[in-house]
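Quick note on our numbering: the first sequence kicks off at 1 and runs consecutively.
So the structure is just underneath, and the comments pick up after that.
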Amino acid sequence: MHLLRLSPLPAGPRGSLGRFGLLNSHPMSASDPNTVITRFAPSPTGHLHIGGARTALLCWAYAQRAQKEGRNGRFLLRIEDTDQTRSSESSTQGILKDLAWLGIDWADGPTVEHNNKTIGGDERGVGPYYQSQRLDLYNEHINKLIESDHAYPAFETPEELEAKRKVAIEAKTGYKYDRSALDIPREERMQRMAAGEPHVVRLKMPDSPITVHDQILGDVTVGPDEFDDFIIRKRDGFPTYHLAVVVDDALMGVTHVLRGQEHLINTPRHIAIQQSLGFDSPTYAHMPLIFNPDGSKMSKRDKDKTAKRAVKEAKLESSPIEGLSDADFAKWLKDKTRQLPSDQLIALAGMLGVHLPEIDVEDFRRAGYLPEALNNYLALLGWNPKSKNDDGTDVERFDMDYLASHYGFEGMGKGQAKFDRVKLLSFNADAIAQLSDEDFASRWRDWASSYDPALCERFNANDMLMLAPAVKTRCKTLADGRDVIGFAFVQDDAIEFDGKALHKALLKGEAKGLEMLKRFKDELATIDPFTPENIEQAVKDFCEKHEVGMGKVAQPIRVAVTGGPVSPPLGQTLAIIGKHAVIARIARCIEVADAGGAAKE
RNA sequence: GGCCCCAUCGUCUAGUCUGGUCCAGGACACCAGGUUUUCAUCCUGGUAACGCGGGUUCGAAUCCCGCUGGGGUCACCA
């Protein structure tokens, strides 16, 4: 065996390894209790997943809290694009946009314009924030590791390793890299590497257990048998995630690493690199993962899965989507792992009338969720403020400011959580209902301008403001606000009257609703201007004059105008479609009722 | 399969560290009633959980062990 006792490099404090003099002048050591620097480091291989959003939110909140307490708190964003084949700039832009929309802003990182403000920047001079632009830094550290014998080049091809792995698995002995590269004399290894022979670089793992002091889970110790000498630089010259993350966190001064529990097993590897390089380890906190209510993983493929099921139920055999060939459609349908581009998937779902599960932040935005509700729910999934309201109930509804001043690891749960859309929906409905009419109208309009242009065409900003009080307590998302006023989208002469409702409201009982409707129709002309308040007043006056209850008058009108027994308060319902349409609809309803009534008798 | 993490109402959770005040509290959902011109909002009340088995103890949701169950991870992905 070629095991080496690990000892830190004589390089000194982490700051001195940076190429920026600034590093030394900042209090960014992990041991400085007055500094909290957290980071979110997504790999730009797709949209921002809701689980990623939660990680980002909590990292942000933790740094914010330090800042609010007068300490040095910063949240930074770094793009982990060391996988050249899967990363894309458009994904990066989407992620930045989604974070900004959620209200999660970063002090250091790529810049983006949002609401006339610039988010991000490089105030501390520790960028760039794209790992693909930091290769020289990684190589510098990898070279140090090789020189100090903490790492070594290895020349096996992926195929050779795959073969060995296969043998090991068949023999049911766990696979570990066998360190055969170390059988090559050191001199020769170095020469072959210098000569440009294709190789990877592996880290020599220590032969003693490594303990992670996790802030959520406590101490987690993993023995040396569980690790092999993993790769820190790939054949293509790019560092692997493990090396890059450690070097960047150190050079960027990250003090607290908050991430999903899937990284727990990686952490000992990171600690080993830190020790080999002489870096302090940041404080770690691994949070539980989020799952679907059925216990499955919340995956981007869930959307395709739902669509595929709907396609099969509808027995669709050819592609109904423009730009998607029948052949590709068939391939997609057959292959469980195949995904359709977002726009095609949405179009398909629209045609089939199915609701795709929201998985990415963008999905929730499209579905009409408010960022404040999403953030509130997300924060609560795994974190509990452990604080009571005045009425004795637990604090559950809070805003970003509350989160930013109260969030800490003490309140984190350890168990995996299921994502309950119904509860989220309730949070969203509450958040919507709490908006002022003005705020609701403007946010509804903003949403519709992107996702429901027809709504903006049918109603101008003033209309939407008038609609606000009626709609905001009747919708759970901005998207289903439209359903509340669906009757306004139907042509006056195309209303389909609900037979049961029509009979009950107009034809049944002593005081005939139909009679009331006929009389009320004649009074409509006098209501001016045709506002919700004036209409309500007119109906009240009418009821008093005829000495009947409101229900006797309101329901017939409601049915006449909307076709059914359910709608917002009458004043708003009538004002929405306007006097002319109301008269037309009532007239038509009277005709229908007269005919139906005659037929019945 | 090896290793690691986890385990309270259907779901998210409080309570567990510092055993008794917990025949287990809150929220969402659900059910019943009330307010209301319909619906929604709102208000009141209700159903509902300590995974199982052993210990320790006067006493265990709380401490220990085992089991079961869920999850993560075993890449030249991150």
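Beta carbons: idealized from backbone N, C-alpha and C, even for Gly.
Values in this document were obtained by computation on a predicted structure and should not be read as measured data.
query                                                                                                                                                                   : result
DSSP three-state call for H286: helix, strand or coil?                                                                                                                  : strand
Select from E523, F409, V112 the residue whose C-alpha is nearest the C-alpha of M287.                                                                                  : F409
Entirely within the region 435-493 and at least 4 residues each: give me those alpha helix (DSSP H) ranges in chain order.                                              : 437-451, 453-458, 461-472, 481-484
DSSP on R558, reduced to helix/strand/coil?                                                                                                                             : helix
Residues in the same chain with beta-carbon distance under 7 Å from K476, minus the five sequence neighbours each way, listed in chain order, please.                   : L425, N428, A429
From the DSSP output, in three-state form, read off A587 for me.                                                                                                        : helix
Using 8 Å as the threshold, is the C-beta distance between L403 and A107 below it?                                                                                      : no
Could you give the uninterrupted runs of the alpha helix (DSSP H) lying entirely in the region 362-403, keeping only those of 4 residues or more?                       : 371-380
Run through DSSP, which three-state label would V354 get?                                                                                                               : coil
To the nearest angstrom, how far is the alpha carbon of E162 from that of R474?                                                                                         : 58 Å
Assess contact between the region 548-566 and the region 491-507, defined as three or more Cβ pairs (one per stretch) separated by less than 8 Å. Is contact present?   : yes
DSSP on E547, reduced to helix/strand/coil?                                                                                                                             : coil
By the three-class DSSP mapping on this structure, what secondary structure does I577 have?                                                                             : helix
What are the boundary residues of the alpha helix (DSSP H) that includes A505?                                                                                          : Segment: none, A505 is in no alpha helix (DSSP H) and carries neither H nor E.
Would Q339 and D391 qualify as a contact pair, given that the criterion is a beta-carbon distance under 8 Å?                                                            : no
Let me check understanding here. Comparing Cα to Cα, which of S132, D136, I95 lies closest to I119?                                                                     : I95
Quick one: Cα of A285 to Cα of V36, how far?                                                                                                                            : 13 Å
Considering only C-alpha positions, which residue in the set E457, E123, R482 is nearest to L467?                                                                       : R482
Reducing DSSP to helix, strand and coil, say where A107 ends up.                                                                                                        : coil
CB R78 to CB Y138, shorter than 8 Å?                                                                                                                                    : no
Looking at C-alpha atoms only, which residue of G549, D594, P469 is the closest neighbour of P569?                                                                      : P469
To the nearest angstrom, how far is the alpha carbon of S618 from that of Y407?                                                                                         : Since the displayed the chain opens at 1 and closes at 601, residue 618 lies outside it and no answer follows.
Helix, strand or coil for M205, going by three-state DSSP, please let me know.                                                                                          : coil
Buried or exposed for V257, going by 16 or more other Cβ atoms inside 10 Å?                                                                                             : buried
Quick check: V220 and L264, are their CB atoms within less than 8 Å of each other?                                                                                      : yes
Is P158 helix, strand or coil when you go by DSSP?                                                                                                                      : helix
In whole angstroms, give me the CA-to-CA distance for L243 and T55.                                                                                                     : 21 Å
Return yes when the Cβ of L381 is within less than 8 Å of the Cβ of A417, no when it is not.                                                                            : yes
Quick check: the region 266-282 against the region 43-51, are there 3 or more CB pairs under 8 Å?                                                                       : no
Work out the CA separation of E438 and N389 for me, nearest whole Å.                                                                                                    : 28 Å
Can you list the alpha helix (DSSP H) stretches of 4 or more residues lying completely in the region 164-195, in chain order?                                           : 186-194
Just list the residues that DSSP pairs V112 with in beta bridges.                                                                                                       : I119
Excluding the five sequence neighbours on either side, which residues of its own chain have a C-beta within less than 7 Å of the C-beta of D214, listed in chain order? : V220, Y284, A285, H286
By Cβ distance below 7 Å, which residues in the same chain neighbour G634 in space, the five residues on each side in sequence not counted?                             : Shown here, the chain extends from 1 to 601; a query on residue 634 therefore has no answer.
So what's I265 in DSSP terms, helix, strand or just coil?                                                                                                               : helix
Which one of E80, R588, F227, V548 has the shortest CA to CA distance from R39?                                                                                         : E80
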